[in-house]
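Note that this note's numbering numbers the sequence shown so that position 88 is 142, with each residue one more than the last. We put the CB at the ideal spot given by N, CA and C, even for glycine. Worksheet: the structure to be examined is printed underneath.
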Amino acid sequence: MINYKKIIYATYSTDAEKKGLWNVYAAKIVDNALENKMQISQDIEYPGMPMAFWSSDSKSVLMYEPKIFKQDGRVFVEKAVIRKIKFK
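The following block contains the structure:
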């Protein structure tokens, strides 16, 4: 029986043209190594970082991704997208 854990994490872009942007990944940890690593969101600003959760059966990730815009120095959120990403 394989004992694994799961993780959702973000990495900061090191590309000079994408300064201030993040990439979000989901993966399973098996024997201290990442397996089934999948990029679930890319080139996003921190305020727009999606909320992501593993399903109870560990076979998919549910992601709530807000649409964020700025107007007159304020930040607004509207029409969020919910995505379900399945792992094989």
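* Asked: Contact check, Val115 vs Ala80 under 8 Å by CB: the rounded distance?
  -> 5 Å
* Rounded C-alpha distance that separates Tyr100 from Ala70 -> 16 Å
* To do: Sort Phe130, Lys140, Lys113 and Ala64 by Cα distance to Gln96 and report the nearest one.
  => Ala64
* What residue does the beta strand (DSSP E) around Pro120 start on, and which one ends it? -> Ser114 to Gln125
* To do: Have a look at Val78 and Glu119 and give me their C-alpha separation to the nearest angstrom.
  => 12 Å
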